[in-house]
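Structure first, then comments.
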Amino acid sequence: MRTTRAKYGLGQVVRHRKHPFRGVVFDVDAMFSNTDEWYEAIPEESRPAKDQPFYHLLAENDHSYYVAYVSEQNLVPDDTGEPIDHPDLADLFGEFEDGHYPLQFQLN
1 MRTTRAKYGL GQVVRHRKHP FRGVVFDVDA MFSNTDEWYE AIPEESRPAK
51 DQPFYHLLAE NDHSYYVAYV SEQNLVPDDT GEPIDHPDLA DLFGEFEDGH
101 YPLQFQLN
């Protein structure tokens, strides 16, 4: 059995290596777990390997808020120290502190 260790944790603020957006990690897949259609929509020369962690982010750029699905190879830690303004943050996380968001949600 292969073991995969995620580089980034829940509540961590990250940014995309190539595209101008930042986000907060709210879920991690140990390896690619999206649709083939999603994967094939990425230009072949830019497609990341499927056998690495993929992160679900509450993401933002200068124009909008959205959910992003990003491979580990395309993320870097965000070192701005600035909070994220995504409107769904309060559903999962507490207040921004020391560069990250603590988990704060209720399970049913």
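As numbered in UniProt numbering, residues 1 to 108 make up the sequence shown, in order.
Yeah, the Cβ is synthetic: ideal placement off N, Cα and C, and Gly gets one too.
Judging by CA-CA distance, which residue of Ser46, Glu45, Tyr55 and Phe26 is the nearest neighbour of Ser33? Tyr55
I believe Leu75 touches His16 by the beta-carbon criterion, under 8 Å. Please report the beta-carbon distance rounded to the nearest angstrom.
6 Å
### Query
Which residue comes first and which comes last in the alpha helix (DSSP H) that contains Leu89?
Leu89 to Leu92
* When we look at the beta-carbon of His86 and count the other beta-carbons within 10 Å, is it buried (16 or more) or exposed? -> buried
Can you pull the DSSP bridge partners for Tyr55? Val28 and Val70
Distance CB(Pro53)-CB(Val28) smaller than 8 Å: yes
Could you tell me the distance, in whole angstroms, from the CA atom of Ala6 to the CA atom of Pro102?
Straight-line Cα distance between these residues: approximately 17 Å.
**Prompt:** Under three-state DSSP, which class holds Tyr101?
**Reply:** Of the three classes helix, strand and coil, the one that applies to Tyr101 here is coil, per DSSP.
#### Entry: Inter-residue Cα distance where the pair is Glu72 and Arg22
14 Å
Q | Reduced DSSP category for Glu40 - H, G, I as helix; E, B as strand; rest coil | A | helix
**Asked** Do Val14 and Gly99 come within 8 Å of each other at the CB atom, strictly closer than that value?
**Response** The Cβ-Cβ distance between Gly99 and Val14 does not fall below 8 Å.
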